[in-house]
Amino acid sequence: MSKAVLRHSWEVSPAEAAEIQNRLARELVIENQLGPVGRIAGVDVGFPKAGDERVAQAAIAVLDFPSLDLLETAVAQKPIPFPYVPGLLTFREGPVICAAMEKLSRMPDLLIFDGQGIAHPRRLGIAAHMGLITDIPAIGCAKSRLWGRYREPEAEKGSRSPMIHNGETIGAALRTRTGVKPVFVSPGHRVDLETSVRYVMACCTKYRLPETTRWADRIAGGKLPQTTP
12 MSKAVLRHSW EVSPAEAAEI QNRLARELVI ENQLGPVGRI AGVDVGFPKA GDERVAQAAI
72 AVLDFPSLDL LETAVAQKPI PFPYVPGLLT FREGPVICAA MEKLSRMPDL LIFDGQGIAH
132 PRRLGIAAHM GLITDIPAIG CAKSRLWGRY REPEAEKGSR SPMIHNGETI GAALRTRTGV
192 KPVFVSPGHR VDLETSVRYV MACCTKYRLP ETTRWADRIA GGKLPQTTP
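Take the position in the sequence shown, starting the count at 1, then add 11; the result is the number in my numbering.
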């Protein structure tokens, strides 16, 4: 298993973190470089002790694709090194995600994060940032919009509308179930927008969120035991 290759320290000021994001965003590859996808992973971070945000717990749920059967999980805990600053989420959650990934027996072929890809003020949300440092194709699938303007998509499942910033399409508001709120999909690294939307839809069954996110969220919150491959 290859480890994440850090391009910077996690222990930086918010101003330094924003400068790092600006620099790393220039290295992103927003085109489809996916090979065969047999292992697709959801990544989420929670807090194991209610009301205590000093220690974070990251969970990775690796599912078989396309069956979406659970193959493997990994969990790690670490103290949080960075304050909560909108747009700088990776500097809070990145270290513990890296620790969880190092516990996997095999790297997934594709990562789906509960967060942003390039739909971000500096084009480097958590999916883009972690995809870049792990060199694994990554998609952001967020519950809410962070950046960009969009029109509400049609009510039917599969409807979408582009998210635009300064004339550039940076993601899509995607209706994964008829009549429910959209999710906000944006490419992270080594995946284009069309591919990102296609995989998010393929991972959604009867719920608004993809199964990758649902599994990771439950594990990060301590609701399910860790498994082994």
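Beta carbons are placed, not taken as given, at the ideal position from N, Cα and C, and that holds for glycine. All values reported here derive from a predicted model rather than from experimental measurement.
Element boundaries [alpha helix (DSSP H), containing histidine 140]
Within the sequence shown, residue 140 is the residue found at index 129, counting from 1. It spans 137 to 145 - the alpha helix (DSSP H) in which histidine 140 sits, taken as one unbroken run.
Mind checking who glutamate 42 pairs with in its DSSP beta bridge?
Translated into positions along the sequence shown, residue 42 becomes position 31. Answer is none; glutamate 42 lacks a bridge partner.
Measuring alpha carbon to alpha carbon, tell me which of Ile147, Tyr95, Gly151 and Ala184 ends up nearest glutamate 165.
For the purposes of this step, residue 165 is taken as the residue at position 154 of the sequence shown. Nearest of Ile147, Tyr95, Gly151 and Ala184 to glutamate 165, Cα basis: Ala184.
Report yes or no: do the stretch 108 to 127 and the stretch 43 to 58 share at least 3 C-beta pairs separated by less than 8 Å?
By the criterion of at least three beta-carbon pairs nearer than 8 Å, the stretch 108 to 127 is in contact with the stretch 43 to 58.
Can you give the Cα-Cα distance for alanine 69 and isoleucine 91, rounded to whole angstroms?
For the purposes of this step, residue 69 is taken as residue 58 along the sequence shown, with counting starting at 1. For the purposes of this step, residue 91 is taken as residue 80 along the sequence shown, with counting starting at 1. Looking at the backbone, the Cα of alanine 69 and that of isoleucine 91 are separated by about 11 Å.
Are the CB atoms of phenylalanine 93 and glutamate 22 within a distance shorter than 9 Å?
Locating residue 22 in the sequence shown gives position 11, where the first residue counts as 1. Locating residue 93 in the sequence shown gives position 82, where the first residue counts as 1. Contact: yes.
Pull up the distance between the alpha-carbon of phenylalanine 58 and that of proline 77, whole angstroms please.
In the sequence shown, the residue the question calls residue 58 occupies position 47. In the sequence shown, the residue the question calls residue 77 occupies position 66. Whole-angstrom Cα-Cα distance: 30 Å.
Please return the same chain residues whose Cβ sits closer than 7 Å to the Cβ of alanine 268, not counting the five positions on each side in sequence.
One cannot answer for residue 268 here, as it falls past the ends of the chain, which runs 12 to 240.
Would you call the stretch 126 to 143 and the stretch 211 to 222 touching, i.e. three or more CB-CB distances under 8 Å?
These segments do not touch.
Residues near proline 132 by beta carbon distance below 6 Å, same chain, minus five either side:
On the sequence shown, residue 132 is found 121 positions in, with the first residue counted as 1. Excluding positions up to five away in sequence, the list reads Gly98 and Trp158.
Does the Cβ-Cβ distance between leucine 220 and lysine 114 come in under 9 Å?
Your numbering for residue 220 matches position 209 in the sequence shown. Your numbering for residue 114 matches position 103 in the sequence shown. No, the pair does not count as a contact, with Cβ atoms beyond the cut-off.
Beta-carbon separation of isoleucine 129 and serine 20 under 9 Å?
Counting from one through the sequence shown, the residue named residue 129 turns up at place 118. Counting from one through the sequence shown, the residue named residue 20 turns up at place 9. The criterion of a C-beta distance shorter than 9 Å is not satisfied by isoleucine 129 and serine 20.
According to DSSP, simplified to helix, strand and coil, what is glutamate 167?
In the sequence shown, counting from the first residue as 1, residue 167 sits at position 156. DSSP, reduced to helix, strand and coil, places glutamate 167 outside both helices and strands of the structure shown, so it counts as coil.
Quick one: is proline 47 buried, meaning 16 or more other Cβ sit within 10 Å of its Cβ, or exposed?
Counted from its first residue, the sequence shown places residue 47 at position 36. With fewer than 16 other Cβ atoms inside 10 Å of its own Cβ, proline 47 counts as exposed.
With 16 as the cutoff for other CB atoms within 10 Å, does methionine 12 come out buried or exposed?
Numbered from its first residue, the sequence shown carries residue 12 at position 1. Any reading at methionine 12 must be qualified, since the residue scores a pLDDT of 38, below 50, and its modelled position is unreliable; the value itself is stated next. It is exposed - the Cβ of methionine 12 has fewer than 16 other Cβ atoms within 10 Å.
At the level of alpha carbons, what is the spacing between lysine 60 and glycine 232?
Counting from 1 along the sequence shown, the entry for residue 60 is found at position 49. Counting from 1 along the sequence shown, the entry for residue 232 is found at position 221. Spanning the two alpha carbons is a distance of roughly 9 Å.
Three-state secondary structure (DSSP) at methionine 212?
Residue numbering aside, residue 212 sits at position 201 when the sequence shown is read from its first letter. DSSP, read as helix, strand or coil, puts methionine 212 in helix.
With DSSP as the reference, please indicate the residues paired to serine 197 in a beta bridge.
By one-based count along the sequence shown, residue 197 stands at place 186. Its beta-bridge partners are Gly151.
Which parts of the stretch 53 to 85 are runs of the beta strand (DSSP E), unbroken and 3 residues or longer, counting only runs that do not cross its ends?
The qualifying runs are 66 to 75.
Alpha carbon to alpha carbon, how far is threonine 239 from serine 172?
What you label residue 239 is simply residue 228 of the sequence shown in a count that begins at 1. What you label residue 172 is simply residue 161 of the sequence shown in a count that begins at 1. Because the pLDDT of threonine 239 is 45, which lies under 50, any placement of that residue in the model is unreliable, and the number read from its coordinates should be weighed accordingly. Here the alpha carbons of serine 172 and threonine 239 stand approximately 39 Å from one another.
Would the beta-carbon of proline 148 fall within 9 Å of that of valine 202?
For the purposes of this step, residue 148 is taken as the residue at position 137 of the sequence shown. For the purposes of this step, residue 202 is taken as the residue at position 191 of the sequence shown. For proline 148 and valine 202, yes; Cβs fall inside 9 Å.
Residue closest to alanine 36, alpha-carbon to alpha-carbon, out of Ile181, Glu205, Arg103 and Cys152
If you number the sequence shown from 1, residue 36 lands on position 25. By alpha-carbon distance to alanine 36, the top candidate from Ile181, Glu205, Arg103 and Cys152 is Ile181.
What residue from Asn43, Arg103 and Arg134 has the CA that sits closest to arginine 65's CA?
Residue numbering aside, residue 65 sits at position 54 when the sequence shown is read from its first letter. For arginine 65, the closest of Asn43, Arg103 and Arg134 by C-alpha to C-alpha distance is Arg103.
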